[in-house]
Every structure is written in C-alpha cells, then in structure tokens.
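Numbering (my numbering), first residue to last: 1489 to 1919. Take a look at the structure set out below.
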Ligand code: NAD
C-alpha cells in the first residue's frame, strides 16, 4: 500500500510563537482523531477480530481481544536500514506480532548477511539494497516506510535520502547528533510531504501508557519529583557508541534519553531549566571521546522536577519513581524490552494502612506496537504520536544539559505552554 502526507503542518504549528495556539490546535487535532477512532469497528484498514465465548469467571481478567491482522498484501511495507543488533534481535522478529506492518526490503553493507536475513523473513532478494543503491528504494512500491536503525550520525543522511525517495521515515532514537540535524530531517520530510516518526517505543507500551494516565489523573496528587536512572556497563572500547563522531555523545544521548523523554511524557510539560554534570574516568579508554556518566536535573513550569542519572559504567539499573503528595508510582525495570513492572503506593482511605501494589498488564512487544502505530498513521493519513518534533526537543534539551555541564551553570529555557505540545494524538488503546 502507499500513503500520502500529513494532513496538518505540525512544524508550521510548532513554529507559531507562544504555545497556546500550538496547544489549542493540537488539542483540536487530538479530539478530531479520537472521534475518528471512536467510530472504530471493522474497516478496510482495521478488520474485526474473531470472537470466541468467554471461559473464565468474571473475577478473572478478561483475555485481550483477538488480534485482527490485515492480510499481508494489505499491510504497510517496511525497509529496514542497518542489520545490527537492534534490527536482528528485536525489530525483524517483532514483525511476527504486527497487525499492520511487514518487512519488504533490507538495506545493509553486507550483501551476504542481507541475503541470509532476507531468506529468513521471506523478503524478495530483489528488495535487498546496499548503502550505495539505497536511493533505488524509490522504485520499490512494496516499501512505504523506511526504518533507520543505523549509528546515530547516519540518521540524518538516510532520513533525508528516504524522504527524497518518496518514503515515510521511522528513525531510531536519538534522532540525530545535533538539533540542527533534526531540523534538517524534519524539513526534508515536510518538503517531500512524508511522515517522520522517532522510534520512542516506550510511548506505545502499556505500562508507560498507564503511568501517563495515572500521572495526568493525579492519582498520587500533582507530580512533585521524578527520579530516573538508566545505567549499563559498556564494554568494547572500539564500538561506535564510544566514538563521538558516530554517537554524538555517550550515555546521555544513548540511554539517558529514556529518563529525559519519560520525565517529559509523564508530566506532559517541557522543562524551563536544566542543570547537568558530566564525568568520565581519566585514562579509561572507553571514555576518551564521550561521557561516561551524566547527572541532570529538569525543572518544569508546574514546579515538578526530575532528577536523573545515566551511566555507561554501572551494572544495569533502569528505573524511575514519580512522587506526589498522595503517593508514588514507579517502574523497575522501566526501560528494557521485557519484564517491565509497575508499582503504586498510597495510604488506604480512612485507614492507617499503606497500600503498595503492583499494576499487572499484559506484556506486549514494544517494537510491534510502535511500528503498527506508524503504519496506522500512514494508512489513515494521521500524524504520528512521536513525530520529528519530539526527537528534536529531546536533542535541544540534551544540548542544554551538555552546555550546563560544560559551563557549570543552570541553563534556562523558553517556557512552552500546554501539554504534549510536541506530540501527536496518543496511540489507540489496544492497537
Ligand atoms: P549496531 O551496532 O548493532 O548496528 C548498527 C548497524 O549499522 C550495523 O549493521 C552496522 O553494520 C551498520 N553500520 C553502517 N555503517 C556503520 C558505521 N560507519 N559504523 C558502525 N556501524 C555501521 O547498533 P544498534 O544497537 O542496532 O543501534 C542502531 C540504532 O538503534 C542506534 O541509533 C541506537 O541508538 C538505536 N537503538 C535503539 C534501541 C531502542 O530500544 N529503541 C535499542 C538499541 C539501539
């Protein structure tokens, strides 16, 4: 299938000075899309699920709705660019759980590996490209979306080339190495009338969506403090993640971005001040070019604050806690692909008992959810929930955190009024 461009110029909206106009326009857009969705039911791009009688007592959790996938030839076709760990271990297998998406092309510098992978996933050998023949994707009608899964410094070039080839773009995080590159990418997609989404998989994941709902419903009162950590112990000093030219930075843009993005989507707000502190162990060959550890602080207009830490030299620790006057809600782990756990603690009403309980949600494949969301955006010509502007805002904040760390001072940012200003309508529940 093939799709057309965004129905609303988000960049035009976002460039409007003063967030009120922006927020108002996006709120209307959100309502319009929600209305379109609430008339849901079977449609050519959303078939009805098969229904079977219920077996369990009402005291048991209902099983999730049957999947209602589109037939393979009706699904949105993806070209996967870069056959590294993420593509081979997560993204390609995730297509097995997609309802609207299928892999139809591969781009790799290693022809033998690409041929092997194409065979495994039933991809036409004629739809395997190298970086040199990438632009021929333009003639491949089976490709609607190009998913960029390359080292960060290459996101800009391949996003622009994909847009020029007439394809929509799903780009891995961090969106690029600099905010200037992000702007170029947004502009190129706009010019080509193609959609651009940044692959923030957790914004599509059920635990994180429940966390967002809980925070916005003020179930623990207004958010006062968020504490977030994303750390892992990085090995091989020769990997691209430790080369500044390829990675842009160290722990902060690679994994600290999860803390930053979570603080933004949990509050829905944009920081008005950031403070950063970076450290690299002297003489450690891994951290000659990039930061090992970055601690950072974000202050939001409502008074909420986020205290975050990210490191490439601590054993895996990936979690956050949101604290309010009436309770706390946490996820530990919060950021891995599997096994996410959510707990909420509050005092029971009219009782001295403190209730700390787990909110159990069915595990879903993050990449399948993210890709199916974007496929639906293409099928229905809707804006993505995490468009290029969302990636650009993270990159601007990362730059401000680095400036603060370098200059040893807080960096103030222009207030952005409204909630979720850089995001499109939320993903449809259960999609
Ligand atoms: P990787 O090193 O495993 O794969 C990178 C691929 O790019 C390899 O196939 C490699 O051959 C290719 N490549 C092409 N030119 C290259 C060059 N000059 N140097 C190095 N590799 C080159 O990396 P990955 O873990 O798959 O990460 C790819 C992207 O995905 C990154 O932007 C990363 O931040 C992102 N990522 C996102 C998540 C997530 O959860 N969303 C998780 C991991 C990685």
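For each residue, glycine too, the CB sits at the ideal point set by N, CA and C. Predicted model only: the values in this text are computed from it and were never measured.
Between the alpha carbons of residue 1862 and residue 1763 lies a gap of roughly 34 Å. Counting along the chain, residue 1592 sits inside no alpha helix (DSSP H); it lies in the beta strand (DSSP E) bounded by residues 1589 to 1595. With respect to the C-alpha of residue 1643, the residue from 1620, 1672, 1895 having the closest C-alpha is 1672. Take residue 1709, set aside five residues on each side of it, and the residues of its chain with a beta-carbon closer than 6 Å to its own are 1812, 1813, 1814, in chain order.
Fully enclosed alpha helix (DSSP H) runs of no fewer than 4 residues occupy 1732 to 1735 of the region 1712 to 1753, in order along the chain. The alpha-carbon of residue 1799 is positioned some 36 Å away from that of residue 1588. Judged by beta-carbon spacing, residue 1662 lies beyond the 8 Å limit of residue 1728, meaning their Cβ atoms are not closer than that value.
At least 8 Å separates the beta-carbon of residue 1760 from that of residue 1784. Counting along the chain, residue 1804 sits inside the beta strand (DSSP E) bounded by residues 1801 to 1812. The beta-bridge partner set that DSSP reports for residue 1561 is empty.
The region 1560 to 1570 makes contact with the region 1589 to 1596, as at least three CB pairs between them are under 8 Å.
Apart from sequence neighbours up to five positions away, the residues of its chain that approach residue 1712 with a beta-carbon distance below 8 Å are 1791, 1792, 1793, 1811, 1812, 1813, ordered along the chain. Closest in alpha carbon position to residue 1550, among 1540, 1556, 1558, is 1540. Residue pairing from DSSP leaves residue 1910 without any beta-bridge partner.
Contact annotation, residue 1751 with residue 1716: C-beta distance approximately 6 Å; criterion of less than 8 Å satisfied. If you ignore the 5 residues before and after residue 1624, its C-beta comes within less than 7 Å of the C-beta of 1617, all in its own chain and listed in chain order. Inclusion of residue 1640 in the 7 Å shell around the ligand NAD follows from its C-beta lying nearer than that to a non-hydrogen atom of the ligand.
Three or more beta-carbon pairs separated by less than 8 Å are not found between the region 1765 to 1785 and the region 1673 to 1692, which leaves the two stretches without contact. Within the DSSP bridge table, the entry for residue 1834 names 1843 as partners. Taking the Cβ atoms as the reference, residue 1578 lies roughly 14 Å from residue 1823, outside the contact range of under 8 Å. Beta bridge pairing from DSSP links residue 1784 with 1764, 1796. Close CB contacts of residue 1670 within its chain, under the 7 Å cut and outside five residues either way in sequence, are with 1663, 1664, 1876, 1879, 1880, 1883 (chain order).
The beta carbon of residue 1866 is closer than 7 Å to those of 1491, 1564, 1632, 1633, 1656, 1683 in its chain, skipping five residues each way along the sequence. Taking the C-beta atoms as reference points, residue 1739 is found nearer than 8 Å to residue 1780. Remark: the C-beta of residue 1574 is in contact range of the ligand NAD, defined as less than 7 Å to any heavy atom.
With a cut-off of 7 Å, the C-beta of residue 1751 is classified as distant from the ligand NAD, since no heavy atom of the ligand falls inside that distance.
Relative to the ligand NAD, even the nearest heavy atom lies 7 Å or more away from the CB of residue 1563.
For residue 1828, the closest C-alpha among the options 1834, 1806, 1619, 1845 is that of 1806. DSSP places residue 1688 outside both helix and strand once states are collapsed to three, so it counts as coil.
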